[in-house]
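Participant: Mapping to our numbering: the sequence shown position 68 is 468, numbers consecutive.
For glycine and all other residues, C-beta sits at the position ideal for the given N, C-alpha and C.
Dumping the structure here so I can ask a few things about it.
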Amino acid sequence: MNDQNSSSLNFFVLADSHGRYFPRKFTTSSYNLVSKFVPGLKWIDNHHQELSVYALLSSPEIQSSLSQANSVLFLVGTNSVIIMPATKIILQVQQVILFLQQTFPHLHQAGKIII
Numbered sequence: 401m402n403d404q405n406s407s408s409l410n411f412f413v414l415a416d417s418h419g420r421y422f423p424r425k426f427t428t429s430s431y432n433l434v435s436k437f438v439p440g441l442k443w444i445d446n447h448h449q450e451l452s453v454y455a456l457l458s459s460p461e462i463q464s465s466l467s468q469a470n471s472v473l474f475l476v477g478t479n480s481v482i483i484m485p486a487t488k489i490i491l492q493v494q495q496v497i498l499f500l501q502q503t504f505p506h507l508h509q510a511g512k513i514i515i
């Protein structure tokens, strides 16, 4: 996102296979969208880090995008629902949000993290 117009809003989308039709990068005069989709993505996957939102948030590529994002949208969850109860998923989502807010204070305001 660092090559984007500084007056434009920057949005980052991280999605499972439901995001496969999002363009990787899309720019208009008023906003910039950067997206990454990972088939099989779950909130937290301790066995397959490449399928874990929590682990991916520490990757340099995603950290760079998040550091410049005005808002982040997660299209994730169906792969988690298949293998675990909702109560556990809610705790994982809370852990991801807390990590984001601590690591990227500019995303702490309401409406900056969308799930």
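1. Out of Thr427, His447, Gly511, Phe474, point me to the one whose CA is closest to Phe437's CA.
2. Assuming the contact rule is C-beta atoms closer than 8 Å, Leu451 and Lys442 should be a hit. Round their C-beta distance to whole Å, please.
3. Which residues does DSSP list as the beta-bridge partners of Asn410?
4. Is the distance from the Cβ of Ser408 to the Cβ of Ser430 below 8 Å?
5. If you count every other CB in all the chains shown that lies within 10 Å of the CB of Leu414, and 16 or more means buried, which is it?
Facilitator: According to the structure shown:
1. Ranking the options by Cα distance to Phe437, first place goes to Phe474.
2. The pair is a contact, with the Cβ atoms about 6 Å apart (cut-off 8 Å).
3. Paired residue(s): Asn432.
4. In contact: Ser408 and Ser430 (Cβ atoms closer than 8 Å).
5. When all chains shown are included, Leu414 counts as buried.
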